[in-house]
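Right, one structure below, let's go through it.
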Amino acid sequence: MNIVNKLTLRHLKENKRRTLVTIIGVIISVAMLTAVSTLIASFMNLLQRDAIQSQGNWHVLYENVDKEQLEKIKKDELTDDLFIMEEIGYAPFEQSQSENKPYLYVLGLDQQGFKNYPLQLLNGRLPKNNQEVIISEMVLTHSDTQYKIGDQLTLDIGHRMEPNAKDSEEHYLTQQDSLHESNNKITEILTNELTKTYDIVGIMEIPKWEPAWSPGITVLSYANEDQFEKTSTVNAAITVSKMSKALFNVAETFAKKNDIPSLTFNMELLRYYGVIKDDTLRFTLYSFSAIIIGIIMLGSISLIYNAFAISVAERSRHLGMLSSVGATKKQKRNSVFFEGAVIGLVSIPIGVISGIGGIWATFQFINPILREAINIDTGLELTVTPWSLLTACAISILTIFISTYIPAKRASRMTAIDAIRQSEDIKLTPKKVKTSRFVRKIFGIEAEIGLKNLKRNKRRYQATVFSLVISIILFLSVSFFTDNLQKTATLAQDGINFDLQIRQGAQTPEQWARLYDSIQKIDEITELSEIKSAFLNATATKDQLPKELREDLNEFGEDTFRYFINLYGLDEKSFATYLDKIGVSSDVFAKQDQKIQAIVIDTIPHHDYGTGKKVITKAIHTNVGDSIALHFYDWEQEKEFPIGQVDVATLTDETPMGVLHAPLSNLNIFVSSTDFEAILRQIKPDVKNAIEMENSLFIKSNDPVSTQHNIEKMTEVKVSMFNAYQARQQEEQMILVLKVFTYGFIILIAAISIANIFNTISTSISLRKREFAMLKSVGMTPKSFNKMIHYESIFYGLKALLYGIPLSIGVMLLMFYSLQHSFSYKFELPWLNLVAVVIGIFIIVGSAMLYASSKVKKENIIDALKQENI
Numbered sequence: 101m102n103i104v105n106k107l108t109l110r111h112l113k114e115n116k117r118r119t120l121v122t123i124i125g126v127i128i129s130v131a132m133l134t135a136v137s138t139l140i141a142s143f144m145n146l147l148q149r150d151a152i153q154s155q156g157n158w159h160v161l162y163e164n165v166d167k168e169q170l171e172k173i174k175k176d177e178l179t180d181d182l183f184i185m186e187e188i189g190y191a192p193f194e195q196s197q198s199e200n201k202p203y204l205y206v207l208g209l210d211q212q213g214f215k216n217y218p219l220q221l222l223n224g225r226l227p228k229n230n231q232e233v234i235i236s237e238m239v240l241t242h243s244d245t246q247y248k249i250g251d252q253l254t255l256d257i258g259h260r261m262e263p264n265a266k267d268s269e270e271h272y273l274t275q276q277d278s279l280h281e282s283n284n285k286i287t288e289i290l291t292n293e294l295t296k297t298y299d300i301v302g303i304m305e306i307p308k309w310e311p312a313w314s315p316g317i318t319v320l321s322y323a324n325e326d327q328f329e330k331t332s333t334v335n336a337a338i339t340v341s342k343m344s345k346a347l348f349n350v351a352e353t354f355a356k357k358n359d360i361p362s363l364t365f366n367m368e369l370l371r372y373y374g375v376i377k378d379d380t381l382r383f384t385l386y387s388f389s390a391i392i393i394g395i396i397m398l399g400s401i402s403l404i405y406n407a408f409a410i411s412v413a414e415r416s417r418h419l420g421m422l423s424s425v426g427a428t429k430k431q432k433r434n435s436v437f438f439e440g441a442v443i444g445l446v447s448i449p450i451g452v453i454s455g456i457g458g459i460w461a462t463f464q465f466i467n468p469i470l471r472e473a474i475n476i477d478t479g480l481e482l483t484v485t486p487w488s489l490l491t492a493c494a495i496s497i498l499t500i501f502i503s504t505y506i507p508a509k510r511a512s513r514m515t516a517i518d519a520i521r522q523s524e525d526i527k528l529t530p531k532k533v534k535t536s537r538f539v540r541k542i543f544g545i546e547a548e549i550g551l552k553n554l555k556r557n558k559r560r561y562q563a564t565v566f567s568l569v570i571s572i573i574l575f576l577s578v579s580f581f582t583d584n585l586q587k588t589a590t591l592a593q594d595g596i597n598f599d600l601q602i603r604q605g606a607q608t609p610e611q612w613a614r615l616y617d618s619i620q621k622i623d624e625i626t627e628l629s630e631i632k633s634a635f636l637n638a639t640a641t642k643d644q645l646p647k648e649l650r651e652d653l654n655e656f657g658e659d660t661f662r663y664f665i666n667l668y669g670l671d672e673k674s675f676a677t678y679l680d681k682i683g684v685s686s687d688v689f690a691k692q693d694q695k696i697q698a699i700v701i702d703t704i705p706h707h708d709y710g711t712g713k714k715v716i717t718k719a720i721h722t723n724v725g726d727s728i729a730l731h732f733y734d735w736e737q738e739k740e741f742p743i744g745q746v747d748v749a750t751l752t753d754e755t756p757m758g759v760l761h762a763p764l765s766n767l768n769i770f771v772s773s774t775d776f777e778a779i780l781r782q783i784k785p786d787v788k789n790a791i792e793m794e795n796s797l798f799i800k801s802n803d804p805v806s807t808q809h810n811i812e813k814m815t816e817v818k819v820s821m822f823n824a825y826q827a828r829q830q831e832e833q834m835i836l837v838l839k840v841f842t843y844g845f846i847i848l849i850a851a852i853s854i855a856n857i858f859n860t861i862s863t864s865i866s867l868r869k870r871e872f873a874m875l876k877s878v879g880m881t882p883k884s885f886n887k888m889i890h891y892e893s894i895f896y897g898l899k900a901l902l903y904g905i906p907l908s909i910g911v912m913l914l915m916f917y918s919l920q921h922s923f924s925y926k927f928e929l930p931w932l933n934l935v936a937v938v939i940g941i942f943i944i945v946g947s948a949m950l951y952a953s954s955k956v957k958k959e960n961i962i963d964a965l966k967q968e969n970i
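Residue numbers (our numbering): 101 to 970.
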């Protein structure tokens, strides 16, 4: 080690406090970079595992390949692993109690396929030949026949085809295609190609990769490559070892070269490996990561650069003396780089370990919340990859290099005379340190001296203010972001005034009635409402339309407007509750000449896209006693069918439990269930089959989760249920998870900034010992000295707030306007957060100033005046 480096190490040891603060700052910076890169890797790993659970572990699927093509795929350099899938076909499932699941879908997988498609066996074993199958538990829950292991399953297997399609593979329907039906009748064609008997050897959970809308319940058999005939075709799925964007072109070129008719990419999985075909999405992903890393680097460079700049200022005479005895520019420059290298060697390993440990502890805290919030089986697993560690270390080294470059360059240019005279550090003119005369008049000479000190040490002053501004912007913008997420979550649930919704699906009217009676007996339920709905039309004149719709009508030159009518029939108890809610007597709905009396929602909240605000507007201009003629318009036949009419009994802006406000151009109309049935009786059967209708139960409960479990146990047929309570809970939990990360991020950034502030201020105070001694020698009292320090703190804080708060408000406005595309609410300043920022800034600056000044108060005036350096 040369003499210059030895002197540098000695300097670091003598200035323990500044060295320690710099090391802590670098450790925090490296820990954050490591935590961010590890978090990204761990989150990608979670998404990869989730995608494999829902799509299977494959990257490219070559469809309908023969035996010769299969051999070429195996030998292709792109192929790392391969498994085969044989889509055997669909068979009618006559025992099915679900109208949406009328088939069994028989799929064959080879041994590797069973490994790559995640399955959870409940009982039995996997198939070993093409005469054996495992069935989904859905087969048991959707049929009266209770199949068990050892039973035989005889199936007439064929392919689903589009209605009126010719017998061609291009018209085949897959599991991704929902059931084709019209007027509650299946219109698609099912061919009959073979009859096969299978032995049931196992029962599995419903596969997560089976689409919820698919009409076939999955049954898995064994696909044996050795038994394929030359004319047979299968699907070959491969995984690749080297992930790159070139995968798409390479696979497509290979398929074209070998006459493979079609191929599919597992885009859901590939994107989580960073293989994205869409350059826009790739740019978004990388730019977002770059912004996070950029913010960390900004705060880190501010701290580390400031530390080394101060170090060079402290060592200016030392460097000058080295120059006078022959030290070259390179040696002086390298002494600063060496200082940075020493700091890095100590800080980077500790920072990496701290970052990994910190993110592991965070995962232990949030995983239980995350599992429940996004309904996944596994949480975040600590994933430390070589690239994440290398990225963190490389960025940390780059940060230290950038931070030391300017001070090192400055040190190399320093001549012996300039260093001894310190002319580089002090270049002042009267104009630069000039202060307003009002400062002395209002605050006194102490304030004027304090302000001049800041102007004289402008670099340190600006570095401190910059650190404070960064802290303010980060805290206010992140807190505003999380607060608005909570607000948008609330708005997304706006109007959902129930806990559970149950839709009538496959249940017969008798089963539905029995379910309703059973639900009424559940103790936890506080309110229960049955609502029947039919979606009809009504024609309105121009005078009846609100301003917004009238303008649209004028634009198209029409005289009448066709409303979409949501006609709701409430059960008698719910209807009476609704009448009480809107303050209307039931006498109003007494039968008058067999006319049907209805409640019309005539006032609704509406998002005005012109002003970007939510306004209250009229849905229709009508009066009590007016009649609304209902009809059904069949868009396929372009024909209108009259239904009947309702009289407006009352107008309101309130909706009952379970019904949201309709958008403009739609109209909500409510009648009793008796009147609803009377309207339906007027409709011809063929027209009634074409009308979209729905029957739902809406529930409020003291314990929605328990209520849901009780309902699922008592129903004869699986019901379609929406748990609004759990949806609200999941959104709140996701916001909590986000808050853990965002506030953890801001605390660490703030820690870097605070370390920077303490380092800058305390070092600045230490370097001013002679100045303070001189002021005391000419009569400055301890009280005046304290006032000067307090005023300096105030000036730091005011300058930081002057820049930080307007910039933060600008960032908040950008966030607010970006959310206005989906949500509408007023912009409100977070006053509590603003007050907290103001108080926090003055506490941080004041604490730093008091801590630093306490170190010099006890200094002897004579000793301080004699002191050449620290």
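Yeah, the Cβ is synthetic: ideal placement off N, Cα and C, and Gly gets one too.
| request: Please check the pair V805 and Q826, which I expect to be a contact at CB under 8 Å, by giving their CB distance rounded to whole angstroms. | output: Translated into the one-based positions of the sequence shown, residue 805 becomes position 705. Translated into the one-based positions of the sequence shown, residue 826 becomes position 726. The Cβ separation is near 7 Å, so the contact holds.
| Residue closest to M144, alpha-carbon to alpha-carbon, out of Y373, S198 and I506 | Looking up residue 144 in the sequence shown gives position 44. Residue Y373 is the option with its Cα nearest to M144.
| Backbone CA spacing between H706 and P763 [nearest angstrom] | If you number the sequence shown from 1, residue 706 lands on position 606. If you number the sequence shown from 1, residue 763 lands on position 663. Their Cα atoms are separated by approximately 7 Å.
| field | Cβ-Cβ separation, V233 to I320 (assumed contact under 8 Å), whole Å | value | Numbered from 1 along the sequence shown, position 220 holds the residue referred to as residue 320. Numbered from 1 along the sequence shown, position 133 holds the residue referred to as residue 233. For the sequence presented, residue 320 should be read as Leu rather than Ile. Confirmed, about 6 Å.
| field | Residue range of the beta strand (DSSP E) that includes H159 | value | Within the sequence shown, numbered from 1, the residue matching residue 159 stands at position 59. Segment: none, H159 is in no beta strand (DSSP E) and carries neither H nor E.
| P742, enclosing beta strand (DSSP E) - first and last residue | Translated into the one-based positions of the sequence shown, residue 742 becomes position 642. Here the beta strand (DSSP E) through P742 covers K739 to T752.
| Nearest residue (CA-CA) to L600, options I847, E627 and K429 | Position 500 of the sequence shown, counting from 1, holds the residue named residue 600. Nearest C-alpha to L600: E627.
| request: Using DSSP bridges, identify the partner residues of M793. | output: For the purposes of this step, residue 793 is taken as the residue at position 693 of the sequence shown. The partner list for M793 (beta bridge, DSSP) reads A634.
| query | Terminal residues of the continuous alpha helix (DSSP H) containing K357? | reply | For the purposes of this step, residue 357 is identified with residue 257 of the sequence shown, where counting begins at 1. Note, K357: alpha helix (DSSP H), L347 to K357.
| message | Quick check on DSSP: helix, strand or coil for L381? | response | In the sequence shown, the residue the question calls residue 381 occupies position 281. Its pLDDT being 49, under 50, L381 is placed unreliably in this model, and the coordinates cannot settle the point.
| query | Would you report the Cα separation of V911 and I572, rounded to the nearest angstrom? | reply | For the purposes of this step, residue 911 is taken as the residue at position 811 of the sequence shown. For the purposes of this step, residue 572 is taken as the residue at position 472 of the sequence shown. Roughly 11 Å between the two C-alpha positions.
| For the candidate residues A191, G316 and Y162, whose alpha-carbon lies nearest to that of K356? | Residue numbering aside, residue 356 sits at position 256 when the sequence shown is read from its first letter. For the residues A191, G316 and Y162, the minimum Cα distance to K356 belongs to Y162.
| field | CB contact flag (Y247, I257, <8 Å) | value | For the purposes of this step, residue 247 is taken as the residue at position 147 of the sequence shown. For the purposes of this step, residue 257 is taken as the residue at position 157 of the sequence shown. No, the Cβ-Cβ distance between Y247 and I257 is not below 8 Å.
| query | Looking at A323 and D210, is the spacing between their C-beta atoms short of 8 Å? | reply | By one-based count along the sequence shown, residue 210 stands at place 110. By one-based count along the sequence shown, residue 323 stands at place 223. Yes, the pair counts as a contact, with Cβ atoms nearer than the cut-off.
| said: For K751 and W612, I'd like the C-alpha separation in whole angstroms. | reply: Indexing the sequence shown from 1 puts residue 751 at position 651. Indexing the sequence shown from 1 puts residue 612 at position 512. Correcting the residue identity first, residue 751 is Leu in this sequence and not Lys. Between the alpha carbons of L751 and W612 lies a gap of roughly 32 Å.
| Which residues mark the beginning and the end of the beta strand (DSSP E) in which D256 is found? | On the sequence shown, residue 256 is found 156 positions in, with the first residue counted as 1. Counting along the chain, the beta strand (DSSP E) containing D256 begins and ends at Q252 to I257.
| said: What does DSSP give as the partner residue(s) for G440 in the beta ladder? | reply: Working through the sequence shown from its first residue, we reach residue 440 at position 340. Answer by DSSP bridge pairing: none, since G440 is not bridged.
| message | Please report the straight-line C-alpha distance between E672 and S772, rounded to a whole angstrom. | response | Counting from 1 along the sequence shown, the entry for residue 672 is found at position 572. Counting from 1 along the sequence shown, the entry for residue 772 is found at position 672. Whole-angstrom Cα-Cα distance: 6 Å.
| request: Determine, using beta carbons only, whether M238 and L207 come nearer to each other than 8 Å. | output: Start at 1 with the first residue of the sequence shown, and residue 238 comes out as number 138. Start at 1 with the first residue of the sequence shown, and residue 207 comes out as number 107. Not a contact, by the Cβ cut-off of 8 Å.
| query | Smallest Cα separation from L240: which of N105, G189, I303 and L170? | reply | Residue 240 sits at position 140 when you count from the first residue of the sequence shown. Closest by alpha carbon: I303.
| request: Let me know the secondary structure DSSP gives G374 once reduced to three states. | output: Indexing the sequence shown from 1 puts residue 374 at position 274. Reduced to three states, the DSSP call for G374 is coil.
| task | Would you kindly work out how many angstroms separate the C-alpha atoms of F635 and M793, rounded to a whole number? | result | Mapped onto the sequence shown, residue 635 falls at position 535. Mapped onto the sequence shown, residue 793 falls at position 693. Their backbone Cα atoms lie some 7 Å apart in a straight line.
| message | By alpha-carbon positions, which one of I704, N723, Y896 and L482 ends up nearest to I716? | response | As a position in the sequence shown, residue 716 is number 616, starting the count at 1. Of the candidates I704, N723, Y896 and L482, the one whose C-alpha sits nearest the C-alpha of I716 is I704.
| said: DSSP three-state label for D181, please. | reply: Residue 181 sits at position 81 when you count from the first residue of the sequence shown. DSSP places D181 in strand when its eight states are reduced to three.
| request: Evaluate T973 with the Cβ neighbour count: other Cβ atoms within 10 Å of its Cβ, from every protein chain shown; 16 or more gives buried, anything less gives exposed. | output: Residue 973 lies beyond the residue range present for the chain, which begins at 101 and ends at 970; the question has no answer from this structure.
| message | Suppose contacts are defined by Cβ-Cβ distances below 8 Å. Is D180 in contact with S278 by that definition? | response | Counted from its first residue, the sequence shown places residue 180 at position 80. Counted from its first residue, the sequence shown places residue 278 at position 178. Contact: no.
| task | Check the C-beta distance from F942 over to G879 and give it rounded, since I have them as a contact under 8 Å. | result | Position 842 of the sequence shown, counted from the start, is the residue given in the question as residue 942. Position 779 of the sequence shown, counted from the start, is the residue given in the question as residue 879. Going by Cβ atoms, the distance from F942 to G879 rounds to 29 Å, so no, they are not a contact pair.
| What is the C-beta distance between L480 and I152, in whole angstroms, given that I count them as a contact (C-beta under 8 Å)? | What you label residue 480 is simply residue 380 of the sequence shown in a count that begins at 1. What you label residue 152 is simply residue 52 of the sequence shown in a count that begins at 1. Contact doesn't hold; Cβ gap of about 16 Å is too wide.
| Shortest alpha-carbon distance to E325 belongs to which of P449, V165 and K308? | Counting from 1 along the sequence shown, the entry for residue 325 is found at position 225. With distances taken between Cα atoms, E325 lies closest to V165.
| So what's D734 in DSSP terms, helix, strand or just coil? | Here the question's residue 734 lines up with position 634 in the sequence shown. Looking at D734 - three-state DSSP - the assignment turns out to be strand.
| query | Which word fits I545, buried or exposed, when buried means at least 16 other C-beta atoms lie within 10 angstroms of its C-beta? | reply | Taking the sequence shown and counting its residues from 1, the one referred to as residue 545 is at position 445. I545 should be labelled exposed.
| task | Taking only the alpha-carbon atoms, compute the straight-line gap between N230 and W487 and give it to the nearest angstrom. | result | Counted from its first residue, the sequence shown places residue 230 at position 130. Counted from its first residue, the sequence shown places residue 487 at position 387. Across the structure, N230 and W487 are spaced so that their CA atoms are roughly 44 Å apart.
| request: Report, in whole angstroms, the separation of the C-beta atoms of I743 and I783, which I expect to be a contact under 8 Å. | output: Your numbering for residue 743 matches position 643 in the sequence shown. Your numbering for residue 783 matches position 683 in the sequence shown. 6 Å between Cβ atoms; contact.
| query | Does the beta-carbon distance from H242 to S314 come in below 8 Å? | reply | In the sequence shown, the residue the question calls residue 242 occupies position 142. In the sequence shown, the residue the question calls residue 314 occupies position 214. In this structure, S314 does not lie closer than 8 Å to H242 by Cβ.
| query | Can at least three beta-carbon pairs, one atom from the stretch 443-462 and one from the stretch 487-497, be found at a separation below 8 Å? | reply | yes
| query | Starting from D675 and walking both ways along the alpha helix (DSSP H), at which residues does that stretch end? | reply | Within the sequence shown, residue 675 is the residue found at index 575, counting from 1. The question names Asp, but residue 675 is Phe in the sequence shown. Counting along the chain, the alpha helix (DSSP H) containing F675 begins and ends at E672 to I682.
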